[in-house]
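These protein sequence lines map, in sequence, to chains X and A.
The opening position of the first sequence corresponds to residue 13 in our numbering, with each subsequent residue numbered one higher.
The opening position of the second sequence corresponds to residue 11 in our numbering, with each subsequent residue numbered one higher.
Structure, as structure tokens:
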Amino acid sequence: MNRNHISEQEVSMLLNDVLERYGYDFTEYAHASINRRVNHLFQLDRFPSFAEFRYRIIADAGYALRFVEEITVNVTEMFRDPQFYYMLRQQVLPVLATYPLIRIWHAGCSTGEEVYSFAILLKEANLLHKSVIYATDINTSVLEKGRTGIFPLSQMQQYSRNYMEAGGLHDFSSYYTANYEYAKFRQDLGEKIIFSPHNLVTDGSFNEFQLIICRNVLIYFNKTLQDKVLRLFGDSLEPLGFLALGSKESLNFTSVSGQFRQVDSKEKIWRKHHL
Amino acid sequence: MAMDTASRVVLIGGSAGGLQAILTLLPGLSPRLNAAVIIVLHRQSSADSVLAELLAVKTSLPVREAEEKEALLPGAIYIAPGDYHLLVETDHTLSLDYSEKVNFSRPSIDVTFSSAVGVFGAKTMAVLLSGANGDGVEGLGDVHEAGGITIVQDPDTAVVDFMPRHAIQAVPVDHVLVAADMASFINNFAGLMVG
Ligand SMILES: C[S@@+](CC[C@H](N)C(=O)[O-])C[C@H]1O[C@@H](n2cnc3c(N)ncnc32)[C@H](O)[C@@H]1O
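Next comes the structure, spelled out in structure tokens:
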């Protein structure tokens with residue numbers, strides 16, 4: 013029943029191949045998750061041996077793309093951690109409201125559930141019309157889904173509960189139209205969102221933001237890469253800008269901790285100092 | 011000076027009724043336990059430092075919700091946080107993973123058991139407790155294959171017997187025990203820290 017057919021060393025070889033051939037750098041990701049994903053893909057696609065698997069990745073660019081998309085974890089939800097959204101509403105939106113143009117970056121946005129959640133907050137604070145939201149991810153197929161604004165209807169009950177807990181002001185179902193198994197979110201929510209590819213490992217800063225949201229992405233990186241990406245965020249924030257991380261991520265003990273102070277003792281929202 | 015990480019690991023997985031068994035076994039653990047203990051417990055709410063507090067009063071060993079990149083130290087108890095899978099890295103640090111649920115569960119017992127035994131090999135002991143779900147059985151099988159020790163709660167004494175019964179059928183189990191007897195097996199396996 014030994015299901016781990018591919019050793020950690022072999023995984024490293026594949027990651028090096030993908031880096032050399034295609035320029036995607038996963039070599040500084042935490043190993044345990046990548047190992048699990050690579051082994052899962054190996055099983056799923058029924059390769060007879062590691063050699064065949066490796067050959068396919070090297071020889072077939074289309075398959076290499078599948079490899080990249082499958083080893084990244086794209087699970088996401090709307091209004092996950094309702095308290096987090098509640099804090100954004102209470103502590104961050106009033107500050108953003110003072111800017112004539114609000115620039116927000118969702119890094120590692122996956123299929124966009126988080127981005128639409130935040131767009132709803134902006135809408136309810138009457139700020140969406142003067143906002144631009146950049147939603148980026150390494151995986152172009154999830155961005156494609158995000159652009160449609162269409163999510164599975166089966167999730168809406170849960171999302172509606174989350175939304176209410178996050179201090180939602182309206183009937184959640186007023187934000188989408190239900191169609192067979194799908195919920196299509198209102199056009200006006202998506203209008204200010206720009207979905208675009210961006211690789212946090214290799215791509216640089218592309219604007220200055222007042223808020224960067226990057227949740228459940230850093231947990232996949234090793235310490236060195238976490239520090240590098242956090243510096244990128246620091247460089248991409250205006251003075252007094254906000255950085256929001258996932259519920260198990262932190263700036264403590266990182267290279268940028270001195271530049272930020274945590275806004276709330278519990279929720280993972282930091283604010284950049286002046287200067 | 012960096013402390014040495016644990017060289018042995020004790021994995022405890024439970025679902026419905028598992029908490030009861032954990033509360034029973036914890037007080038018997040030696041305060042000088044020479045292994046890291048990882049607990050994966052299915053539960054409803056994800057916002058729960060409550061669980062760590064609940065367990066902490068039952069043992070003098072430090073109990074905490076696992077943080078990503080945290081090193082596994084001997085004599086410490088780590089709880090898989092709600093809504094994340096908990097993985098073990100080859101350098102004996104912990105990683106969190108927000109990927110798909112496994113067996114309808116996140117954290118999943120299988121995920122942590124398989125990951126940990128991949129690192130600790132035969133120096134793994136896995137304990138599967140009460141539950142209504144099959145999660146943990148496959149991981150227990152991995153522990154057995156790697157030469158680790160497998161323990162299952164006596165189904166007749168489990169609050170919900172499905173999980174332990176299923177495990178006993180599917181996996182060669184080394185010991186079937188009531189919760190109150192588990193601590194001494196864990197203490198023996200772990201050995202004691204000197205000093
Ligand atoms: C677990 S999802 C998190 C989604 C969402 N932020 C949330 O918390 O619900 C992680 C996302 O990070 C993306 N990702 C991984 N590596 C990346 C990189 N180097 N650059 C940009 N995005 C990356 C993945 O493609 C995936 O969509």
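Don't be surprised by glycine CBs; every beta carbon is placed ideally from N, CA and C.
These numbers come from a predicted model, not from an experiment.
With DSSP collapsed to three states, give me the class of residue i.
{"i": "residue 178 of chain A", "result": "helix"}
{"i": "residue 190 of chain X", "result": "strand"}
{"i": "residue 21 of chain X", "result": "helix"}
{"i": "residue 297 of chain X", "result": "Lying outside 13 to 287, the shown extent of chain X, residue 297 of chain X is not represented and no answer is given."}
{"i": "residue 91 of chain A", "result": "coil"}
{"i": "residue 10 of chain X", "result": "The question about residue 10 of chain X has no answer, for chain X in this structure spans 13 to 287."}
{"i": "residue 38 of chain X", "result": "coil"}
{"i": "residue 159 of chain X", "result": "helix"}
{"i": "residue 272 of chain X", "result": "strand"}
{"i": "residue 24 of chain A", "result": "strand"}
{"i": "residue 171 of chain A", "result": "coil"}
{"i": "residue 222 of chain X", "result": "strand"}
{"i": "residue 141 of chain X", "result": "helix"}
{"i": "residue 253 of chain X", "result": "strand"}
{"i": "residue 38 of chain A", "result": "helix"}
{"i": "residue 149 of chain X", "result": "strand"}
{"i": "residue 123 of chain X", "result": "coil"}
{"i": "residue 59 of chain X", "result": "coil"}
{"i": "residue 135 of chain A", "result": "strand"}
{"i": "residue 49 of chain X", "result": "helix"}
{"i": "residue 77 of chain X", "result": "helix"}
{"i": "residue 195 of chain X", "result": "strand"}
{"i": "residue 236 of chain X", "result": "helix"}
Nearest chain X C-beta to residue i closer than 9 Å, yes or no?
{"i": "residue 182 of chain A", "result": "no"}
{"i": "residue 79 of chain A", "result": "yes"}
{"i": "residue 38 of chain A", "result": "no"}
{"i": "residue 91 of chain A", "result": "yes"}
{"i": "residue 110 of chain A", "result": "yes"}
{"i": "residue 88 of chain A", "result": "no"}
{"i": "residue 11 of chain A", "result": "Legend: pLDDT at residue 11 of chain A = 40, less than 50; position of this residue unreliable, no value from coordinates given."}
Taking all protein chains shown into account, do 16 or more other C-beta atoms lie within 10 angstroms of the C-beta of residue i, making it buried, or fewer, making it exposed?
{"i": "residue 206 of chain X", "result": "exposed"}
{"i": "residue 58 of chain X", "result": "exposed"}
{"i": "residue 135 of chain X", "result": "buried"}
{"i": "residue 286 of chain X", "result": "exposed"}
{"i": "residue 186 of chain X", "result": "exposed"}
{"i": "residue 60 of chain A", "result": "exposed"}
{"i": "residue 273 of chain X", "result": "exposed"}
{"i": "residue 203 of chain A", "result": "exposed"}
{"i": "residue 67 of chain A", "result": "exposed"}
{"i": "residue 278 of chain X", "result": "exposed"}
{"i": "residue 107 of chain A", "result": "buried"}
{"i": "residue 117 of chain A", "result": "buried"}
{"i": "residue 112 of chain X", "result": "exposed"}
{"i": "residue 102 of chain A", "result": "buried"}
{"i": "residue 200 of chain X", "result": "exposed"}
{"i": "residue 27 of chain X", "result": "buried"}
{"i": "residue 63 of chain A", "result": "exposed"}
If we cut at 9 Å on Cβ distances, does residue i have a partner in chain A?
{"i": "residue 47 of chain X", "result": "yes"}
{"i": "residue 260 of chain X", "result": "yes"}
{"i": "residue 119 of chain X", "result": "no"}
{"i": "residue 20 of chain X", "result": "yes"}
{"i": "residue 42 of chain X", "result": "yes"}
{"i": "residue 14 of chain X", "result": "Reliability of the predicted coordinates at residue 14 of chain X is poor, the pLDDT of 45 falling under 50, and no value is obtained from them."}
Please find out if some non-hydrogen atom of ligand 3 comes closer than 8 Å to the beta-carbon of residue i.
{"i": "residue 84 of chain X", "result": "As presented, the structure is devoid of ligand 3, carrying ligand 1 as its sole ligands."}
Anything in the region 213 to 237 of chain X with a Cβ closer than 7 Å to a Cβ of chain A? List those residues in chain order, please.
-> Cβ proximity to chain A below 7 Å picks out 228, 231, 235 from the region 213 to 237 of chain X.
Counting pairs of Cβ atoms below 8 Å between the region 220 to 227 of chain X and the region 183 to 196 of chain X, do you hit three or more?
-> No, the region 220 to 227 of chain X does not touch the region 183 to 196 of chain X.
Any contact of the region 39 to 48 of chain A with the region 140 to 149 of chain A, i.e. 3+ C-beta pairs under 8 Å?
-> Three or more beta-carbon pairs separated by less than 8 Å are not found between the region 39 to 48 of chain A and the region 140 to 149 of chain A, which leaves the two stretches without contact.
Quick one, which residues of the region 93 to 108 of chain A are near chain X if we go by CB-CB under 7 Å, in chain order?
-> Along the region 93 to 108 of chain A, going in chain order, the ones with a CB nearer than 7 Å to a CB of chain X are 94, 97, 98, 99, 100, 105, 106, 107, 108.
Residues of the region 155 to 169 of chain X whose Cβ lies closer than 9 Å to any Cβ of chain A, in chain order = Listed in sequence order: no entries.
Using a Cβ-Cβ cut-off of less than 9 Å, list which residues of the region 122 to 137 of chain A approach chain X; keep chain order.
-> Of all residues in the region 122 to 137 of chain A, the ones placed with a Cβ closer than 9 Å to any Cβ belonging to chain X are 124, 125, 128, 129, in chain order.
Given a limit of 9 Å on CB to CB distance, which residues of the region 65 to 95 of chain X reach chain A?
-> Along the region 65 to 95 of chain X, the positions whose C-beta sits under 9 Å from a C-beta of chain A are 85, 86, 87, 88, 92, 93, 95, read in chain order.
Any residues in the region 178 to 212 of chain X with a beta carbon nearer than 7 Å to a beta carbon of chain A? Which ones, in chain order?
-> From the region 178 to 212 of chain X, no residue has a Cβ closer than 7 Å to chain A.
Does the region 176 to 192 of chain X touch the region 212 to 220 of chain X, meaning 3 or more C-beta pairs lie closer than 8 Å?
-> No contact exists between the region 212 to 220 of chain X and the region 176 to 192 of chain X.
Stretch-stretch touch, CB-based, cutoff 8 Å, three pairs: the region 90 to 110 of chain X with the region 121 to 134 of chain X = With three or more CB-CB distances shorter than 8 Å, the region 90 to 110 of chain X counts as touching the region 121 to 134 of chain X.
Indicate whether the contact test is met: 3 or more Cβ pairs, each with one atom in the region 37 to 50 of chain X and one in the region 83 to 93 of chain A, closer than 8 Å.
-> Here the region 37 to 50 of chain X makes no contact with the region 83 to 93 of chain A; the two share fewer than three CB pairs at distances below 8 Å.
Indicate whether the contact test is met: 3 or more Cβ pairs, each with one atom in the region 253 to 273 of chain X and one in the region 15 to 30 of chain A, closer than 8 Å.
-> Flag = no, the region 253 to 273 of chain X and the region 15 to 30 of chain A do not touch.
Could you say if the region 70 to 88 of chain X and the region 145 to 152 of chain X meet the contact criterion of at least three C-beta pairs nearer than 8 Å?
-> Yes, the region 70 to 88 of chain X touches the region 145 to 152 of chain X.
Please determine if the region 151 to 165 of chain A and the region 177 to 197 of chain A are in contact, where contact requires at least 3 C-beta pairs separated by less than 8 Å.
-> Three or more Cβ pairs closer than 8 Å define a contact, and the region 151 to 165 of chain A meets that threshold against the region 177 to 197 of chain A.
Examine the Cβ distances between the region 168 to 176 of chain A and the region 132 to 146 of chain A and report whether three or more of them are shorter than 8 Å.
-> With a cut-off of 8 Å, the region 132 to 146 of chain A and the region 168 to 176 of chain A count as touching, because enough Cβ pairs lie within range.
Cβ pair count under 8 Å reaching 3, the region 154 to 169 of chain X against the region 120 to 132 of chain X | Contact between the region 154 to 169 of chain X and the region 120 to 132 of chain X is present: 3 or more CB-CB pairs across the two stretches fall below 8 Å.
Can you find at least 3 beta carbon pairs, one from the region 61 to 73 of chain X and one from the region 231 to 251 of chain X, that sit closer than 8 Å?
-> Look at the beta carbons and you see the region 61 to 73 of chain X not touching the region 231 to 251 of chain X: under three pairs across the two are nearer than 8 Å.
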